Amino acid sequence: MTRPTPTSSESQVHPLLAPRESWVLDTDVGAIIGALTLVVVGLWSRHGGVTALGDSAAKTYTSLAQLTGLLCSEAGLLGLILVTRTPLVERRYGLDRMFNWHRLLGEAMAIFLALHIAFSIAAWAIPNGAVNAIKSLTGKEPYMALTTVGSVIILIVTLSSLKWFRNKLSYEMWYFVHLTAYFGLAASFSHQIVLGTDFADDALARGFWVVLHLALVVWLIWSRWGRFLIAIARPLRVSAVTHEAEGISSVVLSGAHLRKAKAQGGQFYLVRQLVKGRWWQANPFSLSAQPTTAGLRFTVKARGESSNAFTNIALGTRVIVEGPYGVCTPDVVNSEKVLLIGGGIGIGPITSFLEQLAPKHEPIILYRVSSEQEISHVKELETLATARNGKVQTLVGHRAALKVADPFSAEILLKAVPDLVQRVVIVAGPESMVKAVQRGTRAAGVPVENIHAERAWW
Amino acid sequence: MVDVSQKPSLGRQIFPAVALTVVGVGFISQLDNPGSDVVALEGVIGTAVPSTSATTSTLAPSPATSVVSPNEVSTTLAPSPMTPVDGASTCDGDVVTGPTAVFKWGDLQLQATFTKKNVLCNVTVVKYPNDDDKSLDINQSALPMYNQEAVKAGSAQIAVISGATDSWRAYTAGLQAILDARPE
Numbered sequence: 000m001t002r003p004t005p006t007s008s009e010s011q012v013h014p015l016l017a018p019r020e021s022w023v024l025d026t027d028v029g030a031i032i033g034a035l036t037l038v039v040v041g042l043w044s045r046h047g048g049v050t051a052l053g054d055s056a057a058k059t060y061t062s063l064a065q066l067t068g069l070l071c072s073e074a075g076l077l078g079l080i081l082v083t084r085t086p087l088v089e090r091r092y093g094l095d096r097m098f099n100w101h102r103l104l105g106e107a108m109a110i111f112l113a114l115h116i117a118f119s120i121a122a123w124a125i126p127n128g129a130v131n132a133i134k135s136l137t138g139k140e141p142y143m144a145l146t147t148v149g150s151v152i153i154l155i156v157t158l159s160s161l162k163w164f165r166n167k168l169s170y171e172m173w174y175f176v177h178l179t180a181y182f183g184l185a186a187s188f189s190h191q192i193v194l195g196t197d198f199a200d201d202a203l204a205r206g207f208w209v210v211l212h213l214a215l216v217v218w219l220i221w222s223r224w225g226r227f228l229i230a231i232a233r234p235l236r237v238s239a240v241t242h243e244a245e246g247i248s249s250v251v252l253s254g255a256h257l258r259k260a261k262a263q264g265g266q267f268y269l270v271r272q273l274v275k276g277r278w279w280q281a282n283p284f285s286l287s288a289q290p291t292t293a294g295l296r297f298t299v300k301a302r303g304e305s306s307n308a309f310t311n312i313a314l315g316t317r318v319i320v321e322g323p324y325g326v327c328t329p330d331v332v333n334s335e336k337v338l339l340i341g342g343g344i345g346i347g348p349i350t351s352f353l354e355q356l357a358p359k360h361e362p363i364i365l366y367r368v369s370s371e372q373e374i375s376h377v378k379e380l381e382t383l384a385t386a387r388n389g390k391v392q393t394l395v396g397h398r399a400a401l402k403v404a405d406p407f408s409a410e411i412l413l414k415a416v417p418d419l420v421q422r423v424v425i426v427a428g429p430e431s432m433v434k435a436v437q438r439g440t441r442a443a444g445v446p447v448e449n450i451h452a453e454r455a456w457w
Numbered sequence: 000m001v002d003v004s005q006k007p008s009l010g011r012q013i014f015p016a017v018a019l020t021v022v023g024v025g026f027i028s029q030l031d032n033p034g035s036d037v038v039a040l041e042g043v044i045g046t047a048v049p050s051t052s053a054t055t056s057t058l059a060p061s062p063a064t065s066v067v068s069p070n071e072v073s074t075t076l077a078p079s080p081m082t083p084v085d086g087a088s089t090c091d092g093d094v095v096t097g098p099t100a101v102f103k104w105g106d107l108q109l110q111a112t113f114t115k116k117n118v119l120c121n122v123t124v125v126k127y128p129n130d131d132d133k134s135l136d137i138n139q140s141a142l143p144m145y146n147q148e149a150v151k152a153g154s155a156q157i158a159v160i161s162g163a164t165d166s167w168r169a170y171t172a173g174l175q176a177i178l179d180a181r182p183e
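Pasting the structure below:
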């Protein structure tokens, strides 16, 4: 594999700078979530929420409806902050964890929403009867028709994201259903201000709530959609496609704007072809070479309709990238020795990671691949490893054909890498392999903070 | 390369939490608090003092004896005149100190005197919110009127004076608690 050639002769090729570190700490995240919860619960309590609990049934239900409604909004707000993909949070926790939290917050929001609806109906049913209560809350009261539509949308979005439903939906179907959540949240906002006792009667609380939501909208438009539009306005182009192995290609994307970009080996981008019918498909692809001003190289395996389209993409195709994302970068290594374990196409991020290491790291690379035909980058790996006092070991074969049951057990790892405990372990590959490596290295005595896994993004 | 093992200082870790908590609590305290229409009664009702000639002098509802702090010395809060209410009996029965009624603006505590026939014949204010001019203003004019009204009615069923609704809530709650605790 030859390195990407510079697109313009006058500019010298140099590696991209590392993205700035995030100053956000766990304690900051805790403080923000804690303070928001404090304000939300305090608002409810200050407006008589607690004292109403012991009162008549109607007052108790109203109070509970208010509390669950507020908590539902809080979960929604926090979930939307994660959608902004703000680098402040991403650089600290990684996009995969943010997506995970987003999903959990979405589920929490749906539960609070269901409780909020139930308590509201119960409270209104006491003087009016259940039928009249439902009539009032779905249309008669101001803005409740809009709110009902919004709630139904949010519940559908949440249901469609449950694993069982998600697996039955195509990605595009799920994605467009998911986008309607914006409308669902916006539609339900007005009733909080007009009907919600906490905001309708208290100008200060109302002001706070409106400003909080507006700030989030501005942040979201800029951080999520603004960046996206800029990426569309400055597409990269496919400058090289190299066949690496059966069904595996390297794709190099280049463009003038890379000169100002920041990225590191081990990171990934969400990549879209600007081609009719494909622009909406975002593929998470890991960098497989150190990113430079000359180009970003991704190694892609044809494993689905969308990634197939990348393995034989035409030169010159416009491609937009969002990112970089991912926290498993050479930053996690100080001066320790390093063990890199790549499985299948996970060798891509391992290669780009390796390229940024120094001889003091004496990297050992374990490359697990299920068949000879799928081996890629192996010469490149060897060259890189040799230049850094390291070596490459390859383990080929289907799991069933291997002599040992678990090639990543502590015993076998220690035999292959005697100084394992002193090394920082970097692993990228399929979920099951990553888990096996985490188990094995931990059993061998590697401290948890020295084991870094990147999910298989490609 | 960044040294990731570098731990942020304790102050850096704690400061955001403290700052946000202070801001949050400050914000909440500025919110409207309709929930505080509620009057909470605290403390027990003072044991009824049996009326003896020895105690009458100390129980004489002169302003000086019922006042707790100089702040509360206030001639406008002078008790209602000790004229016998039902003609037959004088106001020399049990003296009951009520619970403290905690409400939006502070604490209100009453002391009620009964005739030997257990008729409410006098009410004095032991404690009332006086930590700002507005409270002083309202209470010094309203509370003596509530005292008179209560004695006239012989109960806590008295009319509210506009502008002194919160005091009325606390007053009637406190007085009712005293009356509820009286033996029939």
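Sequence order for the protein chains is A and B.
Residue numbering for the first sequence follows numbering that gives the first Met the number 0, starting at 0 and increasing by one per position.
Residue numbering for the second sequence follows numbering that gives the first Met the number 0, starting at 0 and increasing by one per position.
Every residue, glycine too, gets a C-beta built ideally from N, C-alpha and C.
No experiment lies behind these values; they were computed from the predicted model shown.
Item, Value
"DSSP bridge partner residues for H242/A (one or two, in chain order)", "S248/A"
"Among S189/A, I125/A, S159/A, F267/A, the one whose alpha carbon lies nearest that of G68/A", "S189/A"
"Exposure label - V22/B; buried when at least 16 CB within 10 Å", "exposed"
"Cβ contact check for the region 111-131 of chain B and the region 171-180 of chain B: 3 or more pairs under 8 Å", "yes"
"Under 8 Å between C-beta atoms of N117/B and N129/B", "no"
"Complete beta strand (DSSP E) runs within the region 248-294 of chain A (minimum length 3 residues, chain order)", "267-272, 282-285"
"Length of the line joining the Cα atoms of T83/A and S222/A", "5 Å"
"First and last residue of the uninterrupted alpha helix (DSSP H) at I32/A", "25-45"
"Enclosing alpha helix (DSSP H) for Q372/A [first to last residue]", "Here Q372/A belongs to no alpha helix (DSSP H), and DSSP marks it neither H nor E."
"S135/A to M143/A span [Cα, whole Å]", "8 Å"
"At least three beta-carbon pairs within less than 8 Å, the region 440-454 of chain A to the region 316-328 of chain A", "yes"
"Per-residue burial, M432/A [other beta carbons within 10 Å of its own, 16 or more giving buried]", "buried"
"According to DSSP, residues forming a beta bridge with F102/B", "G105/B"
"8 Å Cβ cutoff met for S408/A and G389/A", "no"
"Contact set between the region 396-422 of chain A and chain B, restricted to residues whose Cβ is under 9 Å from the partner", "none"
"Any chain A beta carbon closer than 8 Å to D31/B", "yes"
"Whole-angstrom distance between I116/A and A64/A, CA atom to CA atom", "7 Å"
"Distance CB(I344/A)-CB(K378/A) smaller than 8 Å", "no"
"Distance, S285/A Cα to R271/A Cα", "13 Å"
"Cβ neighbour criterion (16 or more within 10 Å) applied to T385/A", "exposed"
"Supposed contact pair S351/A and A293/A - C-beta distance, whole angstroms, cut 8 Å", "Between S351/A and A293/A the Cβ distance is about 14 Å, and since that is not below 8 Å, they are no contact."
"Residue of G342/A, R398/A, V403/A minimising C-alpha distance to H376/A", "G342/A"
"Beta carbon proximity, V386/A to chain B, threshold 8 Å", "Before going on, a small fix: residue 386/A reads as Ala here, not Val. False, the Cβ-Cβ gap to chain B never drops below 8 Å."
"Burial state of P119/A (16 or more Cβ within 10 Å)", "For clarity, residue 119/A is Ser in the given sequence; the question names Pro instead. Under this definition S119/A is a buried residue."
"Secondary structure of T96/B, DSSP reduced to three states", "strand"
"Between the CA atoms of T20/B and A109/A - distance to the nearest angstrom", "27 Å"
"Through-space distance from A107/A to A357/A, alpha-carbon basis", "45 Å"
"Cβ-based contacts, 7 Å cut-off: residues of the region 31-62 of chain A near chain B", "I31, G33, A34, L37, V38, G41, L42, R45, H46, G47, T50"
"Cβ of A204/A within 8 Å of any chain B Cβ", "yes"
"Anticipated Cβ contact below 8 Å, G45/B with V95/B, distance rounded", "6 Å"
"Selection of the region 92-112 of chain A by Cβ proximity to chain B, strictly under 8 Å", "none"
"Element boundaries [beta strand (DSSP E), containing G428/A]", "422-428"
"Contact list for T20/B against chain A, beta-carbon separation under 7 Å", "A34, L37"
"Beta-carbon proximity list for V436/A, same chain, < 6 Å, skipping 5 on both sides", "I340, F407, V426"
"Local conformation of V125/B per DSSP, three classes", "strand"
"Beta-carbon proximity of Q421/A to E335/A, cut-off 8 Å", "yes"
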